[in-house]
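Going by the numbering used here, the letters in the sequence shown line up with residues 148 to 427, in that order.
Each remark here refers to the structure printed beneath this line.
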Amino acid sequence: MSKPRRSRVQGGWADPPKKKDVRSDMNRIKPPEVPIWTGKNIDQASSSSTHKFQYVQPSAEELQQKPSDIIINKGGVYDISEGNNGISRLRFFPDFLQREEADGYFAELYESLPWKQTTSVKNGISYIQPRLTAWIGDLPYTYSGITHHPDSKWVKPLPDIKDKIEDLIGYKFNSLLCNLYRNDKDGVEWHCDDEPELGPQPIIASISLGDTRNFELRKKPVPNTGDYSLSQVVRMPLKHGSLLIMEGATQDDWQHRVPKEYHDRDSRINLTFRVIYPAK
Ligand SMILES: O=C(O)CCC(=O)C(=O)O
């Protein structure tokens with residue numbers, strides 16, 4: 148018979164394992180009076196406190212989740228919602244203008260348009276808009292509590308850009324709001340373009356020139372409680388030379404904005420072509 152082998156442990160040789168009386172060990176281990184998982188400690192704590200934990204089933208509204216944001220950066224037609232007002236549709240053409248063409252348009256318009264910083268009125272408080280604008284068209288346009296009279300004629304190269312969009316979508320515009328975001332600190336807050344002079348369900352064509360900025364849309368809550376915390380958000384990085392068309396119920400059912408950025412941005416010009424109807 149071979150000798151029981153000893154195993155090597157740190158600092159010496161371990162004794163060979165002794166035989167154990169397993170049954171006597173079991174007699175010595177006492178089961179806890181209350182199993183740990185019954186939450187004995189919680190009950191004990193609550194006996195010295197007036198607050199008792201009670202599970203309450205969350206309501207259907209509380210269980211409702213905010214849908215994840217949608218990022219659109221590829222060209223195409225996007226029906227972003229359908230409801231009582233109909234379909235909200237975006238059409239996106241990321242490379243509508245060629246790079247050199249877009250470079251030329253940016254340089255020309257940056258210099259030639261009579262850019263000015265205007266004041267808006269919201270809830271009776273007036274504030275200076277964090278961007279420069281120019282309004283072009285035969286009729287005035289009232290938005291953000293201020294009436295804008297035409298600032299400029301259709302200077303070159305605006306008619307060329309307008310023709311190009313109209314050829315693509317088969318729809319004619321008579322007015323143009325130009326925005327100049329000088330840097331990352333400029334932007335436009337949540338709003339929708341639903342002024343009466345735009346008519347019902349306006350088609351708006353938006354050209355971007357210069358640095359890329361995020362354009363965001365958020366779904367209006369139904370019924371419109373003003374609480375947008377669970378709203379679907381669509382985010383589109385609008386790059387140099389891109390064209391975005393908003394149509395259908397987009398202005399009825401969604402708001403949009405260009406947020407200020409936390410990182411440096413160069414200037415961006417945005418041209419939004421619209422139709423303005425004479426006041427009735
Ligand atoms: O700059 C943009 O892309 C959007 C501008 C805008 O929201 C507006 O002019 O109503």
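Ideal Cβ positions, reconstructed from N, Cα and C, are used throughout, including at glycine.
Please read these numbers as outputs of a predicted model, since none were measured by experiment.
Close-in-space but distant-in-sequence residues of the same chain around residue i (CB under 7 Å, 5 per side omitted)
{"i": "Pro384", "result": "Asn220, Thr359, Asn361"}
{"i": "Arg412", "result": "Asn330, Asp331, Asp358, Arg360"}
{"i": "Phe240", "result": "Gly222, Ser389, Leu390"}
{"i": "Pro304", "result": "Tyr252, Glu255"}
{"i": "Val169", "result": "Note that Val169 has pLDDT 43, beneath the 50 cutoff, so the model's placement of it is unreliable and the number below is only indicative. Nothing meets the Cβ criterion."}
{"i": "Lys309", "result": "Phe320, Phe420"}
{"i": "Gly346", "result": "Val422, Tyr424"}
Residue i versus residue j - alpha carbon distance
{"i": "Ser414", "j": "Arg246", "result": "16 Å"}
{"i": "Asn326", "j": "His295", "result": "13 Å"}
{"i": "Ala192", "j": "Phe200", "result": "Per-residue confidence for Ala192 stands at a pLDDT of 47, beneath the threshold of 50, marking its modelled position as unreliable; the derived number appears in the next sentence. In a straight line, the C-alpha of Ala192 is about 11 Å away from that of Phe200."}
{"i": "Asp216", "j": "Gly334", "result": "20 Å"}
{"i": "Leu324", "j": "Asn371", "result": "28 Å"}
{"i": "Tyr375", "j": "Gln211", "result": "13 Å"}
{"i": "Glu336", "j": "Ile350", "result": "20 Å"}
{"i": "Leu286", "j": "Ile316", "result": "23 Å"}
{"i": "Val302", "j": "Asp242", "result": "23 Å"}
{"i": "Ser273", "j": "Pro205", "result": "42 Å"}
{"i": "Val224", "j": "Tyr257", "result": "30 Å"}
{"i": "Asn232", "j": "Lys300", "result": "35 Å"}
{"i": "Ile218", "j": "Asp314", "result": "28 Å"}
{"i": "Glu342", "j": "Gly230", "result": "21 Å"}
Sub-8 Å separation of residue i and residue j beta-carbons
{"i": "Tyr288", "j": "Ser322", "result": "yes"}
{"i": "Thr266", "j": "Ile293", "result": "yes"}
{"i": "Gln348", "j": "Gly395", "result": "yes"}
{"i": "Lys319", "j": "Ser228", "result": "no"}
{"i": "Arg238", "j": "Ile392", "result": "yes"}
{"i": "Ala281", "j": "Glu344", "result": "no"}
{"i": "Asp298", "j": "Lys263", "result": "yes"}
{"i": "His387", "j": "Ala207", "result": "no"}
Residues near residue i by beta carbon distance below 6 Å, same chain, minus five either side
{"i": "Leu364", "result": "Val381, Trp401, His403"}
{"i": "Lys213", "result": "Leu377"}
{"i": "Asp226", "result": "Ile234, Arg236"}
{"i": "Ala352", "result": "Ile312, Ile392, Phe420"}
{"i": "Leu244", "result": "Gly388"}
8 Å Cβ shell around residue i - same chain, five flanking residues per side excluded
{"i": "Ser291", "result": "Ser267, Val268, Lys269, Gln276, His338"}
{"i": "Lys407", "result": "Pro277, Asp331, Lys332, Asp333, Gly334"}
{"i": "Tyr409", "result": "Asp331"}
{"i": "Pro368", "result": "Asp374, Tyr375, Leu377, Ser378"}
Beta-carbon separation (whole angstroms), residue i vs residue j, contact threshold 8 Å
{"i": "Leu260", "j": "Ile354", "result": "Actually they do not touch by this definition, with Cβ atoms about 13 Å apart."}
{"i": "Leu356", "j": "Ile416", "result": "4 Å"}
{"i": "Asp340", "j": "Gln398", "result": "5 Å"}
{"i": "Tyr328", "j": "Val405", "result": "7 Å"}
Residue i: CB within 7 Å of a non-hydrogen atom of ligand 3
{"i": "Asp333", "result": "Although ligand 3 was asked about, the structure shown includes only ligand 1 as ligands."}
Task: alpha helix (DSSP H) segments (min. 4 residues) lying fully within the stretch 316 to 392 - done: List check, alpha helix (DSSP H) in window: nothing returned.
TODO: Go through the stretch 263 to 296 residue by residue and report every complete run of the beta strand (DSSP E) that reaches 3 residues or more, in order.
DONE: Counting only unbroken stretches of 3 or more residues, the beta strand (DSSP E) elements lying wholly within the stretch 263 to 296 are 266 to 269, 272 to 275, 279 to 284, 288 to 290, 293 to 295, in sequence order.
Task: Minimum length 4: unbroken alpha helix (DSSP H) runs contained in the stretch 194 to 237 - done: 207 to 210
TODO: Only counting runs of 4 or more residues, tell me where the alpha helix (DSSP H) segments fall wholly within the stretch 393 to 417, in order along the chain.
DONE: 397 to 400
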